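For reference, the structure discussed in these notes is given below.
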RNA sequence: CGGGCUGUAGCGCAGGGGCUAGCGCGCUUGGUUCGGGACCAAGAGAUCGGAGGGUCAAAUCCUCUCAGCCCGACCA
């Protein structure tokens, strides 16, 4: 067995990289911090895109496209926004061999260039709501990058909507958060906690940021998507007013929301194992691969049998592939397709042919079962559904097992370990989601971060009914219930 | 952007002043195999990360630089 994948217990970061490179999802590029997404990785993105795009359309949104270059002056119009993004901007200073009068930045996000146009397009309440989304690349000059999780350039979608009222914009913010939550869970098998960000962690320029937070296998949190209520901040910065139903001028209310190729990183980290990638059937480029076990004298018959099964699988809508390459041994193929994350394997050999059967093997559990050829296609479909469900449940119970209430600062230090402390070895035992009451003070967040590197990930929406007690960090009366974790 | 480690064939490594740079895996061709990473034979493949400097002689010594990983500060 060629040990191409570093086991998680040895080096979690290296394991993650090994999976991506060996499963051929992505590769490094000649440009620092940028990545090449290879066909197997891009296919996953296309499936995520397709599902999200469908849901955006179902909720009344339209796709549009805005330019990648944004005049620097636009960024500066919203004070908090520019302050938040300035450190990570890439700036274009020359074009056509000449220095530009005004430099352009490569979009880190498109609020400013979009709102500059919304000013032209919105005059009356009849123009609202404006529900646009764009699929695009953005660039944020990151100091430290990681494939899929944090790259200088990444692919995402960004929704930008304008509304008549605060209530409508807030409802839109929540609606899209819910779209993200359900796509994450149903499609990506990522159980997520939906919640509100603290002032410290919110998007630069937003009034309020909502998030879906997932837990990776190393128990660190990953922000998997965000939905922002922008209030009238951008409308004011770009002077976007409309005449309301009473005939008076008013600034419009806004939202923005996005998910990125980071989701692919989340899927990899949540489900995969030491044998390689594990993918939800909904995302897998191939849902099932048939490995024929051929011997010289039976080769033709076995391949014909495999072909017939392949046709039946395709007939019931399974994305199936026959690996008839005769230069690799079956054992090699088993390992190879497991590394690539194919959810189901079908083995067919002379024995099966004779018995009218075949062998199905699950990627998630390793479970092997012999089924008759007649019911193979139906059984495969059933198993794919079961795998989809199992991945979500497994991830959810992992998260629940590592979500614990913590009552005070000492408890936090014990739970997370101390910043700077070498956690190798202890890594397995420490960390997770610490749930505690919080007074609302940024000072508390800062001191926790300094002591343990853990931050306030969010205040879960469904856990705010019982907040009687004291802040788990400073002991003052609590105002919220929050989740704290180390994060990516 | 600071601290550490690493760059030698596609991948993993050895060689640490000496003449022709090795090994394993992978790759190509032919043959035998095939129910958990098969075997035999013959091949191809490297300006030793890059630039400069010293030396009769550099993969090996010196300076600079680039890239990757890890650890910190900053972030979807």
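In the working numbering, the protein residues as written are 686 to 1173.
All C-beta atoms, glycine included, are put in the ideal place defined by N, C-alpha and C.
Computed from a predicted structure; not experimentally measured.
| said: For the alpha helix (DSSP H) containing residue 1096, name the first residue and the last one. | reply: The sequence position of residue 1096 within the first chain is 411, counting from 1. Residues 1094-1101.
| query | Straight-line CA distance for residue 840 to residue 690? | reply | Working through the first chain from its first residue, we reach residue 840 at position 155. Working through the first chain from its first residue, we reach residue 690 at position 5. Rounded to the nearest angstrom, the two C-alpha atoms are 27 Å apart.
| query | Are there 16 or more other CB atoms within 10 angstroms of the CB of residue 766, so buried, or fewer, so exposed? | reply | In the first chain, residue 766 corresponds to position 81, counting from 1. Buried: at least 16 other Cβ atoms inside 10 Å.
| So is residue 956 buried or exposed if we call it buried at 16+ other beta carbons inside 10 Å? | Position 271 of the first chain, counting from 1, holds the residue named residue 956. Classification of residue 956: buried, given that the 10 Å Cβ count is 16 or more.
| field | Three-state secondary structure assigned by DSSP to residue 1014 | value | Numbered from 1 along the first chain, position 329 holds the residue referred to as residue 1014. If DSSP states are grouped into helix, strand and coil, residue 1014 belongs with coil.
| Those residues which DSSP pairs with residue 756 across a bridge | Against the first chain, residue 756 aligns to sequence position 71. For residue 756, which the question treats as bridged, DSSP gives the partners 789.
| message | Taking the beta carbon of residue 776 as the centre, do at least 16 other beta carbons fall within 10 Å, making it buried, or is it exposed? | response | Residue numbering aside, residue 776 sits at position 91 when the first chain is read from its first letter. The residue in question, residue 776, is exposed, as its Cβ has fewer than 16 Cβ neighbours within 10 Å.
| By Cβ distance below 6 Å, which residues in the same chain neighbour residue 1121 in space, the five residues on each side in sequence not counted? | Counting from 1 along the first chain, the entry for residue 1121 is found at position 436. Hits under 6 Å: 1091, 1157.
| Through-space distance from residue 757 to residue 782, alpha-carbon basis | Locating residue 782 in the first chain gives position 97, counting from the first residue. Locating residue 757 in the first chain gives position 72, counting from the first residue. Near 19 Å, if we compare the C-alpha coordinates of residue 757 and residue 782.
| task | Within the same chain, show all residues whose beta-carbon is closer than 7 Å to that of residue 1130, passing over the 5 residues directly before and after it, in chain order. | result | Along the first chain, read from residue 1 onward, the residue named residue 1130 stands at position 445. Only 883, 885, 1140, 1141 meet the Cβ criterion.
| field | Residues that residue 958 bridges to, as DSSP identifies them | value | Here residue 958 is taken as the residue at index 273 of the first chain, counted from 1. 961, per the DSSP bridge assignment.
| task | Please state if the CB of residue 974 and the CB of residue 1027 are separated by a distance shorter than 8 Å. | result | Position 342 of the first chain, counted from the start, is the residue given in the question as residue 1027. Position 289 of the first chain, counted from the start, is the residue given in the question as residue 974. Yes. Within cutoff.
| message | Can you find the residues in the same chain that come closer than 8 Å, C-beta to C-beta, to residue 686, ignoring five residues on each side of it along the sequence? | response | Along the first chain, one-based indexing puts residue 686 at 1. For residue 686, the pLDDT reaches just 37, beneath the cut-off of 50, and the residue's location in the model is therefore unreliable, although a value from the coordinates is still provided. Once the five neighbours on either side are set aside, the close Cβ partners of residue 686 are 1020.
| query | alpha helix (DSSP H) containing residue 885: first to last residue? | reply | What you label residue 885 is simply residue 200 of the first chain in a count that begins at 1. Segment: none, residue 885 is in no alpha helix (DSSP H) and carries neither H nor E.
| request: Whole angstroms is fine: what's the gap from residue 853's alpha carbon to residue 816's? | output: Within the first chain, residue 853 is the residue found at index 168, counting from 1. Within the first chain, residue 816 is the residue found at index 131, counting from 1. Their Cα atoms are separated by approximately 12 Å.
| query | In its own chain, which residues sit with a C-beta less than 7 Å from the C-beta of residue 1042, not counting the 5 before and 5 after it? | reply | Here residue 1042 refers to the residue found at position 357 when the first chain is read from its first residue. Excluding positions up to five away in sequence, the list reads 1055, 1056, 1057, 1058.
| query | In this structure, does DSSP put residue 767 in helix, strand or coil? | reply | One-based indexing of the first chain puts residue 767 at position 82. Looking at residue 767 - three-state DSSP - the assignment turns out to be helix.
| Taking the alpha helix (DSSP H) that residue 1128 falls in, what are its first and last residues? | On the first chain, position 443 is the one that residue 1128 refers to. First-last of the alpha helix (DSSP H) with residue 1128: 1127-1137.
| said: In the DSSP assignment, the beta strand (DSSP E) including residue 864 goes from what residue to what residue? | reply: Sequence index remark: in the first chain, residue 864 carries index 179 (1-based). Here residue 864 belongs to no beta strand (DSSP E); instead the alpha helix (DSSP H) covers 851-867.
| said: Given a cut-off of 8 Å on the beta-carbon distance, is the pair residue 976 and residue 1030 in contact? | reply: On the first chain, position 291 is the one that residue 976 refers to. On the first chain, position 345 is the one that residue 1030 refers to. Taking 8 Å as the Cβ cut-off, residue 976 and residue 1030 qualify as a contacting pair.
| DSSP three-state assignment for residue 722, whether helix, strand or coil | Residue 722 sits at position 37 when you count from the first residue of the first chain. It is a strand residue.
| request: Drop a sphere of 10 angstroms on the beta-carbon of residue 698, count the other beta-carbons inside from all chains shown, and report buried for 16 or more, exposed for fewer. | output: Here residue 698 is taken as the residue at index 13 of the first chain, counted from 1. By the 10 Å Cβ count, residue 698 comes out exposed.
| message | Can you tell me whether residue 825 is buried or exposed? The criterion is at least 16 other CB atoms within 10 Å of its CB, across all chains shown. | response | As a position in the first chain, residue 825 is number 140, starting the count at 1. Burial call: buried.
| field | 6 Å Cβ shell around residue 1008 - same chain, five flanking residues per side excluded | value | Reading the first chain from its first residue, position 323 is the one you call residue 1008. Cβ within range, chain order: 974, 976, 1018.
| request: Evaluate contact between the segment 713-728 and the segment 736-748, counting only Cβ atoms and requiring at least three cross-stretch pairs below 8 Å. | output: no
| message | Just to confirm, is the Cβ distance from residue 1117 to residue 1087 under 8 Å? | response | Within the first chain, the letter at position 432 stands for residue 1117. Within the first chain, the letter at position 402 stands for residue 1087. Yes, the Cβ-Cβ distance between residue 1117 and residue 1087 is below 8 Å.
| message | In this structure, how does DSSP classify residue 781 when only helix, strand and coil are distinguished? | response | Position 96 of the first chain, counting from 1, holds the residue named residue 781. Reduced to three states, the DSSP call for residue 781 is coil.
| field | alpha helix (DSSP H) segments (min. 4 residues) lying fully within the segment 889-955 | value | 918-922
| Going straight from the alpha carbon of residue 1111 to that of residue 959, what length do you get? | By one-based count along the first chain, residue 1111 stands at place 426. By one-based count along the first chain, residue 959 stands at place 274. Low local confidence applies: a pLDDT of 48 at residue 1111 is under 50, so the model's placement there is unreliable, with the coordinate-based value given in what follows. Those two C-alpha atoms are separated by around 20 Å.
| task | For residue 975, write down the residues that DSSP places opposite it in a beta bridge. | result | Residue numbering aside, residue 975 sits at position 290 when the first chain is read from its first letter. 1007, 1031.
| task | Let me know the secondary structure DSSP gives residue 704 once reduced to three states. | result | If you number the first chain from 1, residue 704 lands on position 19. Helix.
| query | Among 1170, 778, 1062, which residue has its Cα nearest to the Cα of residue 790? | reply | One-based indexing of the first chain puts residue 790 at position 105. Among 1170, 778, 1062, the Cα nearest to that of residue 790 is on 778.
| message | If I measure Cβ to Cβ from residue 837 and keep anything under 8 Å in the same chain, skipping five residues before and after, which residues do I get? | response | Numbered from its first residue, the first chain carries residue 837 at position 152. Answer for residue 837: 716, 717, 718, 719, 775, 824, 825, 826, 827, 830, listed in chain order.
| request: On the DSSP bridge assignment, give the partners of residue 819 in chain order. | output: On the first chain, residue 819 is found 134 positions in, with the first residue counted as 1. DSSP, once it has assigned bridges, lists 843 as partnering residue 819.
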